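A quick write-up on the structure given underneath.
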Amino acid sequence: MNTEELSTEDKILIAASKVFTEKGFSGTRTRDIAEEAGINLALLNYYFRTKEKLFEQVMKVKIVLLFGQIIPIVTNEKTSLDEKIDLASVKYFEILSKNPNLPIFVLSEIQKKTSDVKSILPFEKVLNNSYLMKQIKERKPDVNPFHFLLNFLSMTVFPFLGKPILQSFDLMNDEEFQKFVEERKTMVPMWIKMMLNN
């Protein structure tokens, strides 16, 4: 595959990512993606054949972005539990600040079952056997570690899901929201550690 073909494919993937994120799988037509990419529909079909195949490629990238980047942190045997919490918090807020629509897109498409998430990223196997889970169980043997994980995800992801609500009621503008996110980078690890130490 030559450079021109790769750049066309990349152009299609970038356009597809934008359109799928805005309209979701069911609201997107391949014609919308072709127009966004500045190519004709025949060329899009040549590269990806179907909307489903193109969507799978986009979902792979999005799921790896939302969940995959945390894997090196949770599997690291050299860092303490507290260090993992700090690192994961910074990483998530960085990712979500750059991609604020990422969680709502991924979660809504998972809920609609438009993609087989486990085949894209077998996160449950990695997570269940991770050093993070071992450390949580050692620290809090009487508590299901998924309480900790869901609390962490809620505290990091929900502000981005809730941003449209905050803004529609004029509770926060973009600048105030960014300041709010910066504050949470230090507050979330502190809250999680307090839960684990009580």
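Residue numbers (our numbering): 69 to 266. All C-beta atoms in this analysis are idealised placements derived from N, C-alpha and C, irrespective of residue type, glycine included. Since the model is a prediction, treat every value here as computed from it, not as a measurement.
Item: Environment of L218 [buried if 16+ CB atoms lie within 10 Å]; Value: exposed
Item: 8 Å Cβ cutoff met for F161 and K253; Value: yes
Item: Rounded straight-line distance, which links the Cα of L175 to that of V225; Value: 11 Å
Item: Residue nearest to F57 in terms of C-alpha spacing, selected from H215, K247, P213, D210; Value: Because the chain in this structure spans residues 69 to 266, residue 57 falls outside the shown range and cannot be described.
Item: Straight-line gap, D184 to N108 (C-alpha atoms, nearest Å); Value: 29 Å
Item: Contacting residues, own chain, Cβ-Cβ under 7 Å from R207 (five flanking each side not counted); Value: L149, L264
Item: Contact under 8 Å by Cβ, A110 with A83; Value: no
Item: E151 vs Y199 beta-carbon contact at 8 Å; Value: no
Item: Proximal residues to M69 (C-beta, below 7 Å), its chain only, five neighbours per side dropped; Value: Any reading at M69 needs caution, since the residue's pLDDT is 45, under 50, leaving its predicted position unreliable; the model's value is listed next. Within the same chain, M69 has no close Cβ partners at all.
Item: Separation of K166 from Q137, as counted between CA atoms; Value: 14 Å
Item: Whole-angstrom distance between S94 and T71, CA atom to CA atom; Value: For T71, the predicted structure reports a pLDDT of 42, less than 50, and the residue's modelled location is therefore unreliable. The matter cannot be settled from this model.
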